[in-house]
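In UniProt numbering, the protein residues as written are 1 to 345.
Every residue, glycine too, gets a C-beta built ideally from N, C-alpha and C.
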Amino acid sequence: MDEKEVVQENKDKEVEKEDRFKAPCAVQVKLTEPPVGPREYIYNLIPRYVPQVISKYKCLPKIQPHKLSSEGPRKESMKTMGPPSRDHLEPVVYPDKRPFMKKQSKRPMTKLRKVIGAPVTHVPPEKPAKRKGCLTGPKPGLPTIKGLGNALDTDGIPLKCKVRERHKINWITRNAIAAITAEPGFRFPQERRRMHVDTRHGDKFALKSNRTMSGLEPVYVYRSGAGKVPTYLKRRSKLYAKTQDLLTHYINEKELQTTDYLLTEKQREDLLNGLKAAWDRYNRKYLGLASINDTLKGKAYKEFLEKQLDALKDDIELVESHQFLFIEAPKNEDIKTDIIKTVCA
């Protein structure tokens, strides 16, 4: 074995000895690689508290025997006949109808008698009357654990076993974290802070501070929203303008419905030709009737045709006698021509 191998073996032994004495949780830091392990922070040094919930009540066992619903002994199966288990029955105790005493029940009540004609004289008392307290005696003391005894609550748990739950906050750790993570120098006044003095003894106050504002520094002028219209006013104006447009549109629609529409010359000719065509159809049906109509149906149909012919004749004369015709405007302007079509059909 040469000299180089011996030196290398000694170096390996020294490295193994150093690794042996290293802590098992030490973070290995290399210059070429990022550090391995958790990030260094104050919260990593606080031990984690894991509460061990064994039982809700400390003085009760964790495993309790099952409580039967009925207090008396249970009957055996199919054993319902025979003499009763007790020789005599207990007397029935009815609840008291008046469990408490009414107010002023022991005070004797007497009727007041009025004396007619007797002079009423007011005698002042020798000593001023003292105001009686609301309580006749001292207040009862607060309940203690010893005074509770073996009293049970509605769930059947002893009252002395109930412990008031409180928040387990470690205030020392909390204050330490706040002090460590705080910004350095936040409690000291700022350098070159502008102050003002109000008395000759030198009482000074900061013109600009976190707690109070003196009003001598233009703080609100340099804000981002200074001199601008607030957002809620813009929203209010938009809603007002939208409502005004809807109201104007509604009024215009109502006025359009009440106005009249003038028929053009072509529409007047179409209307007149439609009325004449309708009169020709009814006249053809009227001429096709029998000369003798003895039935009620035939007479009624003849009267209907005569009425239609007379009405159409009046309408034709009205249209021919007037050159300009006005009709009621429809609700929708796009269906103005539909009225002419329905009339001429």
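Counting only the Cα atoms, D260 lies some 47 Å from I292. Unbroken alpha helix (DSSP H) runs of no fewer than 4 residues, entirely contained in the UniProt domain "Enkurin" (235-327), are found at 265-287 and 296-321, following chain order. Put simply, the backbone Cα of G298 is about 41 Å away from that of E265.
Of the residues K103, G149, F205 and E183, the one whose Cα lies closest to the Cα of L216 is F205. Distance from S214 to H201 at the Cβ level is roughly 18 Å; contact not present, criterion being Cβ atoms closer than 8 Å.
Looking at the backbone, the Cα of L275 and that of D310 are separated by about 12 Å. Taking a C-beta distance under 9 Å as the contact criterion, R268 and Q323 qualify as a contact pair. When only Cα atoms are considered, W279 and L312 end up about 6 Å apart.
Separation of the CB atoms of K139 and L148 is rounded to 18 Å, and the pair is thereby denied contact status at 8 Å.
Distances from the CA of P158 to each of K146, K168 and I169 were compared; the closest alpha carbon is that of K146. Residue environment: L289 is assigned as exposed (fewer than 16 neighbouring CB atoms within 10 Å of its CB, all protein chains considered). The beta carbon of D315 lies closer than 6 Å to those of L275 in the same chain, with the five residues before and after it left out. Counting C-beta atoms within 10 angstroms of its own C-beta, L296 has fewer than 16 neighbours from the protein chains shown and is therefore classed as exposed. Residue pairing of A206 in beta bridges, as defined by DSSP: M195. The C-alpha of K208 lies about 15 Å from the C-alpha of D198. Looking only at I42, L318, Y94 and L271, the smallest Cα-Cα distance to N175 is reached by I42. For L152, the three-state secondary structure derived from DSSP is strand. Judged by beta-carbon spacing, L271 lies beyond the 9 Å limit of L262, meaning their Cβ atoms are not closer than that value. Remark: C-beta atoms of Y286 and K302 approach each other more closely than 9 Å. CA-to-CA, the gap between G141 and R194 works out to about 60 Å.
Residue pairing for P158: DSSP places it in a beta bridge opposite L152.
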